[in-house]
Each structure stands twice: as C-alpha cells, then as structure tokens.
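Visitor:
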Amino acid sequence: MAEVSNQRSSENLKRKRKHSRNPHSKDWNKKKKIEPGKGNREVKKTQIIQPQLPKTTTEISSNWKALQALLEKEKNAKETTGDKKRRQKKTLKRTLKPNLKSENTASSSEVWFDDVDPEDLEEITGKKTKSKTTIGDPHDVLVTGSLEGITKRIALDCEMVGVGSDAKRHMLARVSIVNSHGRVVYDSFVAPQEKVVDYRTHVSGIRPENLKNAPEFKTVQLEVSRILKEKILVGHSLKNDLEVLLLDHPWKNIRDTAKYKPFQKLVKTKTPSLRKLAKQLLNISIQEGEHSSVQDAQVAMKLYTLHRKQWERQLHEAKVKPSKKALVNTPVTLSHDR
1 MAEVSNQRSS ENLKRKRKHS RNPHSKDWNK KKKIEPGKGN REVKKTQIIQ PQLPKTTTEI
61 SSNWKALQAL LEKEKNAKET TGDKKRRQKK TLKRTLKPNL KSENTASSSE VWFDDVDPED
121 LEEITGKKTK SKTTIGDPHD VLVTGSLEGI TKRIALDCEM VGVGSDAKRH MLARVSIVNS
181 HGRVVYDSFV APQEKVVDYR THVSGIRPEN LKNAPEFKTV QLEVSRILKE KILVGHSLKN
241 DLEVLLLDHP WKNIRDTAKY KPFQKLVKTK TPSLRKLAKQ LLNISIQEGE HSSVQDAQVA
301 MKLYTLHRKQ WERQLHEAKV KPSKKALVNT PVTLSHDR
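Sequence positions in the sequence shown follow full-length UniProt numbering and run 1 to 338.
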C-alpha cells in the first residue's frame with residue numbers, strides 16, 4: 001500500500017511540474033504576468049504612441065531647433081543690413097561736406113556743400129552716368145557720375161601777377177575750377193608769357209618756383225575753354241578772370257556773386273568783396289593773408305548754391321542779363337548757422 005501511495009504521489013508531482021511549464025495554463029499566466037516597464041523576450045507587443053506637442057525645451061526636436069537658429073540668423077542679417085544702410089547714408093552725408101581749408105589760407109570755419117542740387121544728385125546716384133571725358137592732356141581725366149566729376153554748374157577763380165613797367169597789368173598765373181559740390185575739377189599754374197615784375201605773393205600766393213615748368217598759357221586756355229562749354233559759370237567778378245584767360249562766356253550762363261543785387265543790398269555797396277560776403281552770409285573768414293583760387297571758387301559756389309532757387313527764379317521772371325540790369329531786390333537771409 002505504501003508503494004502504491006508513493007507511486008501516486010510521484011505521478012501527481014510530475015503532473016504539477018508539467019502543468020507549471022504549460023504556457024496555456026491559467027496558473028502559468030498568473031506567475032508570468034508582465035510588469036509594466038519590463039520587457040520579455042518571449043512576448044512582443046506592438047505599442048502605438050500618440051503624437052504630442054513638446055512640453056519642455058528638452059523635448060524640442062533638432063529640426064525645430066535648426067529652424068529657430070535659421071530664423072534668428074535671418075533676423076540678425078536684416079538688422080545688420082539696416083545698420084549698414086544707415087551707415088551708408090551717414091557716410092554719404094559726410095561725403096557731401098568737403099573741407100575747404102587751403103594750405104595758404106586761414107579760415108575761422110569751413111564751408112559745407114550739404115545742400116546738393118537734385119540734378120547733380122542724379123549724377124551721383126548713377127542715373128545719368130556718363131563715360132570718361134579727357135580734357136587736354138591724358139592725365140586730366142574728369143569722371144562724371146560722382147562727386148569728383150564736372151557738374152552742370154561750375155565755379156572759376158584765377159590768381160594773377162603784375163607785368164609791365166609799373167606792374168599794374170594783370171597776367172594769369174593760376175586757374176582753379178570746382179564743381180557744384182566744391183570739389184576741384186581743375187587747378188593749374190600757368191607759365192608766364194612775359195617777365196613778371198610783381199608776383200603779388202602776399203595776395204596771390206604765387207611764388208617764382210610755382211611757375212617753373214608750368215603748362216603753357218595756350219594749353220591751359222584750351223583745357224579751361226572745354227570745361228566751361230555749355231556750363232553755368234559761377235564766380236566773383238568773373239569779368240576779370242575771363243579777361244586774363246582771353247575767353248568769353250554767354251551772359252545767360254554767368255552767375256556773378258559781385259553783381260547779384262540782393263548781395264549788394266545786404267552789404268550796402270555795389271562792389272561787394274567776396275571776403276565780406278563770406279563773412280556776412282556764410283559766417284566764415286577768408287583771404288586773411290595769401291589768397292587761394294580754390295577756396296575763392298568754393299565760396300562763390302556756396303553763395304550761389306544757397307540762393308540758387310531764388311536767383312534762378314528772378315532771372316526767369318526778369319528775363320534780363322544778370323550782369324547788366326537790376327534783378328528783383330528780394331531780401332537775402334543770413335546763413336550764420338551753416
């Protein structure tokens with residue numbers, strides 16, 4: 001009986017072991033229950049992940065970060081471009097204000113050419129850019145389309161020396177031409193045509209060494225004549241300058257600051273000096289010692305530029321010769337703040 005009992009116990013134990021290894025058994029499933037977060041090689045389940053918006057910065061994808069970086073880069077580029085454009089405008093404004101100080105002239109202040117004529121501005125911006133024009137010698141190349149080129153309006157001034165027995169006769173020694181922005185487009189000494197009796201250095205600034213190896217009079221005359229052609233000529237007492245150059249110019253294209261009636265009325269004389277006009281209208285001091293033909297031309301151009309619209313309107317209304325008949329006596333406004 002004992003043997004039969006042991007045999008049954010052994011069979012029951014075997015059945016229990018076999019039953020525990022059966023995966024279809026309920027007890028086996030209870031024992032092998034998969035805990036969340038722990039994988040099992042024998043059971044593979046497909047999990048469906050629902051897309052969600054990132055809740056923290058760490059969850060932002062690399063593509064999103066790259067897009068943000070790109071947007072930031074474009075923003076910085078626009079700001080940089082804006083700053084560059086503002087700097088260019090400031091640079092342009094500074095460029096339109098050349099320094100008129102001369103090495104031979106002491107002045108208390110400077111003349112700024114900050115009120116550029118719209119017609120000249122078109123040339124600066126390139127809307128009317130022209131090709132290079134050679135005047136006289138090949139090295140005298142004047143380029144239009146920039147502040148340095150010849151403009152529609154130019155100013156001229158000459159320095160002279162004394163010749164003849166009494167040194168009272170004038171002879172050309174230097175000629176300077178500036179454009180409407182005050183930039184020098186031509187400046188040359190001139191070889192004497194005859195013996196110089198008085199260099200007038202204290203006024204003209206001319207010395208004997210300046211005229212050595214200088215261009216011949218005919219060469220300078222031809223070059224100046226080509227520059228003046230079809231231009232509005234500005235200057236002070238231009239009759240004297242044209243006489244020593246042995247040139248003439250159409251009266252309708254002459255703007256002489258010594259003949260402008262409002263200027264004469266302001267300084268209460270029919271023969272106002274350029275020095276007095278510069279002091280009262282521009283609040284600058286010139287010709288305090290040796291003169292500079294470059295600076296005198298610049299000052300004449302500045303005087304004309306400040307009153308150009310009024311000046312041209314009066315000429316149009318009066319239809320008279322500017323150097324011979326009176327213009328409308330419109331008051332001139334002092335420009336001490338310039």
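Cβ coordinates follow ideal geometry from the N, Cα and C atoms, glycine included.
(1) Is the region 226-233 touching the region 201-208, taking contact as three or more C-beta pairs under 8 Å?
(2) At what residues does the alpha helix (DSSP H) containing S225 begin and finish?
(3) Over what stretch of residues does the alpha helix (DSSP H) that includes E209 continue unbroken?
(4) Under DSSP, the beta strand (DSSP E) around D256 begins and ends at which residues?
(5) At what residues does the alpha helix (DSSP H) containing L266 begin and finish?
(6) Check A167 in the structure and name its three-state DSSP category.
(7) Are the beta-carbon atoms belonging to L233 and I154 less than 8 Å from one another?
(8) Going by beta-carbon coordinates alone, are S237 and A258 separated by less than 8 Å?
(9) Tell me the rounded alpha-carbon separation between T305 and N253.
(10) On a Cα-Cα basis, can you pick out the residue from V184, V178, K218 and V175 that is closest to Q193?
(11) Less than 7 Å between C-beta atoms, sequence neighbours within five positions excluded: which residues of the same chain meet that for R275?
(12) Please find out if some non-hydrogen atom of the ligand GDP comes closer than 7 Å to the beta-carbon of Y186.
(13) Find the nearest neighbour of L277 within the set W251, E290, P250 and H307, judged by alpha-carbon distance.
(14) Given that a residue counts as buried once 16 or more other Cβ atoms are within 10 Å of its Cβ, and exposed if not, what is D166?
(15) Going by the beta-carbon positions, is the gap between N297 and V178 smaller than 8 Å?
(16) Go to Y186, then tell me how far its beta strand (DSSP E) extends in each direction, as first and last residue.
(17) Does DSSP classify R200 as helix, strand or coil?
(18) Mapping the DSSP letters down to three states, classify S176 as helix, strand or coil.
(19) For E159, does the count of other Cβ atoms within 10 angstroms reach 16, so buried, or fall short, so exposed?
(20) Whole-angstrom Cβ separation of A214 and V185, contact assumed at under 8 Å?
(21) Could you compute how far the alpha carbon of S176 sits from the alpha carbon of D157?
(22) Shortest alpha-carbon distance to L246 belongs to which of F263, D256, P262 and Q221?
(23) Are the beta-carbon atoms of M301 and V244 separated by less than 8 Å?
(24) Could you check how far apart the C-beta atoms of V294 and D187 are, in whole angstroms? I think they sit under 8 Å.
(25) Is it buried or exposed for W311, if we count other Cβ within 10 angstroms and need 16 for buried?
(26) Among T271, V267, E290 and G289, which residue has its Cα nearest to the Cα of Q280?
(27) What three-state label does DSSP hand L147 in the structure shown?
(28) How about L163 and K195: do their beta carbons lie closer than 8 Å?
(29) Is A155 helix, strand or coil by DSSP?
(30) Among the candidates E290, G149 and E209, whose CA atom is the shortest distance from the CA of R183?
(31) With DSSP run on the structure shown, which of helix, strand or coil describes R246?
(32) In terms of residues, what are the limits of the alpha helix (DSSP H) holding L306?
Guide: By the coordinates alone:
(1) no
(2) F217 to L228
(3) P208 to L211
(4) Here the beta strand (DSSP E) through D256 covers I254 to D256.
(5) K261 to V267
(6) coil
(7) yes
(8) yes
(9) 15 Å
(10) K218
(11) I286 and Q287
(12) No copy of the ligand GDP occurs in the structure displayed, which carries no ligand at all.
(13) H307
(14) exposed
(15) Correcting the residue type first, residue 297 is Ala in the shown sequence and not Asn. The answer is yes: Cβ separation under 8 Å.
(16) V184 to F189
(17) Residue state for R200 is assigned as coil, using DSSP reduced to three classes.
(18) strand
(19) buried
(20) 18 Å between Cβ atoms; not a contact.
(21) Roughly 6 Å between the two C-alpha positions.
(22) Q221
(23) no
(24) Contact flag correct, Cβ pair sits at about 6 Å.
(25) buried
(26) V267
(27) coil
(28) The residue asked about is misnamed: residue 163 is Val in this sequence, not Leu. The answer is yes: Cβ separation under 8 Å.
(29) Assignment of A155 by DSSP, reduced to helix, strand and coil, places it in the strand class.
(30) G149
(31) The amino acid occupying residue 246 in the given sequence is Leu; Arg does not appear at that position. DSSP places L246 in coil when its eight states are reduced to three.
(32) S293 to L306
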